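For the sequence shown, this note's numbering gives the first residue as 512, with consecutive numbering after it. All C-beta atoms, glycine included, are put in the ideal place defined by N, C-alpha and C. Keep in mind the model is a prediction, meaning the values are calculated, not measured. Here is the structure we will look at.
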Amino acid sequence: SEGGLIASMVAVKSSDVAFIILMAGPGLTGEEILYLQGTLISRAMGVSEEDIIKRRQFNEKIFSVLKEEDDSGIAEKRLRQMLMENWEKMSDEEKEQIGDSEMFLEAQLQSLLSPWLKFFLTYDPKPTLSKVKCPVLAINGEKDLQVPPRENFIVIEEALKSGGNQDYTIKEIPNLNHLFQTAQTGLPSEYAKIEETISPITLKIITDW
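Structure representation (structure tokens):
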């Protein structure tokens with residue numbers, strides 16, 4: 512999905528780009544995608560709707576700090592406090608599954624404070640997509656829970672059309688996950704268990720196009 516963002520940027524900046532292929536490329540903002548994938552993955556794991564709402568609310572608070580606080584030191588302190596408070600609210604079973612609390616908190620902080628995440632949260636692909644003039648192939652797996660096809664394809668198509676690009680193809684491929692593997696659930700926990708690296712169907716669609 513990150514490659515999908517970068518491909519559009521490069522295509523706009525260089526006339527040498529003959530075409531781009533967006534493989535699970537985002538159309539929504541990073542923040543919108545993270546909320547959506549959080550809901551879909553949690554739901555697929557059997558998490559209750561009440562807990563899904565609570566997780567969404569917690570993520571909204573976390574993301575607001577990342578977006579609004581420019582001082583990384585202050586951001587780290589605020590996030591650490593929020594993560595510790597969230598840890599205290601977890602059930603004994605959840606804590607047991609996670610294990611070492613300090614390692615867990617540090618790993619989360621490291622991930623949250625990465626410059627890439629802050630960029631991803633606030634980046635809106637639509638203006639860049641609307642400037643892409645070369646042919647575009649946008650493909651995604653039906654069971655992609657990380658960059659859900661329906662919600663993102665709508666935005667990608669609207670952006671391309673708004674810029675006058677009519678030379679595009681959009682395909683949702685049945686039974687494939689975010690990595691274009693043939694999947695049962697689409698859950699990220701399933702990725703490493705699937706022997707297939709990438710579906711031959713995906714490769715045929717790309718080469719035929």
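Kindly indicate which residue of L628, F530, T693, S673 has the alpha-carbon position closest to the one of I712. T693
Quick one: Cα of L594 to Cα of L616, how far? 7 Å
Span of the beta strand (DSSP E) around N663: Unbroken run through N663 is the alpha helix (DSSP H), 660-673; no beta strand (DSSP E).
Measure the beta-carbon distance from G675 to V643 and round it to whole angstroms, keeping in mind my assumption that it falls under 8 Å. The pair is not a contact, with the Cβ atoms about 10 Å apart (cut-off 8 Å).
Mapping DSSP to helix, strand and coil, what is N688? coil
Identity of the residue in I681, I585, K654 nearest E701 by Cα: K654
Close Cβ partners of I709 (< 8 Å) along its chain, the five nearest in sequence each way excluded: L690, F691, Q692
Taking DSSP as the reference, what is the three-state secondary structure of E653? coil
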